[in-house]
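Residue numbers (the working numbering): 5 to 254.
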């Protein structure tokens with residue numbers, strides 16, 4: 005366990021030093037500021053109330069899970085694997101007394117913690133913005149639903165990250181992995197819109213999974229079915245990516 009903790013701390017230090025983390029936070033702040041300015045503009049110009057203090061974080065989440073969050077999740081995942089492959093720094097990591105499985109798992113956990121950190125960052129600042137500009141609409145139930153929505157959004161993002169990690173272990177070039185990730189993302193979104201009946205098996209359709217948890221009539225069976233689908237994707241991506249990572253020669 006101590007060896008895994010050391011490997012995880014090493015991966016977290018690498019992530020902390022990357023500019024992508026800071027850029028992701030800056031863009032998150034910009035998303036919140038622009039969103040609140042738009043709501044204030046609509047409220048002032050048209051007299052419409054707009055989003056309340058608990059509703060505003062959900063609006064931010066709906067935009068983030070389809071734009072900046074998958075983008076930076078992909079960039080961090082690519083950098084953690086393809087970046088180290090191309091720079092030959094992976095060889096240095098593997099010279100330490102730690103198994104490849106622990107190194108691989110530490111990288112996955114570090115990426116997962118990055119996703120959690122960005123979600124927490126978005127939640128805190130969007131909630132603060134909502135409270136500042138519309139404090140009267142605050143309710144404990146609304147805040148609880150917001151926390152729930154942000155919490156369950158972690159899982160589909162982690163599965164998406166595992167898919168990018170699989171691509172990063174198939175292809176050597178980080179640029180190729182990023183291009184394919186963006187291409188697949190756009191393609192899957194198009195399939196969602198054009199073939200609605202098949203959207204349930206498309207990975208990107210689960211980015212809005214949190215909406216099911218907020219429904220008035222709790223759709224337990226649908227949530228459970230989609231959870232099993234994501235578990236299946238996650239297990240396949242993790243297993244395939246680790247197999248390729250374990251067989252690589254550095």
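Quick reminder that beta carbons are idealized off the backbone N, C-alpha and C, glycines included.
Whole-angstrom C-beta distance between residue j and residue i, which should lie under 8 Å
i	j	result
residue 85	residue 172	4 Å
residue 241	residue 146	Rounded, the Cβ-Cβ distance is 34 Å, inconsistent with contact.
residue 181	residue 115	Not a contact, Cβ separation roughly 14 Å.
residue 118	residue 31	That pair is no contact at about 14 Å.
residue 102	residue 7	5 Å
residue 12	residue 110	4 Å
residue 259	residue 226	Residue 259 falls outside the range modelled here, since the chain spans only 5 to 254, and no answer is possible.
residue 107	residue 97	6 Å
residue 158	residue 123	6 Å
Alpha carbon of residue i to alpha carbon of residue j, nearest angstrom
i	j	result
residue 66	residue 9	34 Å
residue 223	residue 152	15 Å
residue 73	residue 174	23 Å
residue 150	residue 130	10 Å
residue 126	residue 36	8 Å
residue 64	residue 39	7 Å
residue 161	residue 99	31 Å
residue 91	residue 238	27 Å
residue 221	residue 244	37 Å
residue 228	residue 189	24 Å
residue 200	residue 253	43 Å
residue 186	residue 154	23 Å
residue 198	residue 206	12 Å
residue 95	residue 22	19 Å
residue 210	residue 5	33 Å
residue 87	residue 236	27 Å
Sequence-distant residues of its chain with Cβ nearer than 6 Å to residue i (five each side left out)
i	result
residue 51	Confidence at residue 51 is low in this model, with a pLDDT of 46, below 50, so its placement is unreliable and the value that follows should be read with caution. There are no such residues.
residue 17	none
Candidates the options: closest to residue i by CA position
i	options	result
residue 70	212, 238, 250, 231	212
residue 191	23, 208, 221	208
residue 231	253, 220, 5, 204	204
residue 78	92, 59, 179	179
residue 234	156, 15, 93	156
residue 128	62, 210, 188, 252	62
residue 148	214, 28, 95, 26	214
residue 29	5, 41, 15, 68	68
residue 132	59, 169, 170	59
Contact set for residue i: own chain, Cβ-Cβ below 8 Å, skip 5 residues either direction
i	result
residue 105	246, 250
residue 194	none
residue 24	76, 79, 80, 83
Own chain, CB closer than 7 Å to residue i, minus 5 neighbours either side, in chain order
i	result
residue 89	176
residue 33	129
Closer than 8 Å to chain C by CB, residue i
i	result
residue 147	Reference to chain C is not applicable here, since this structure consists of a single protein chain.
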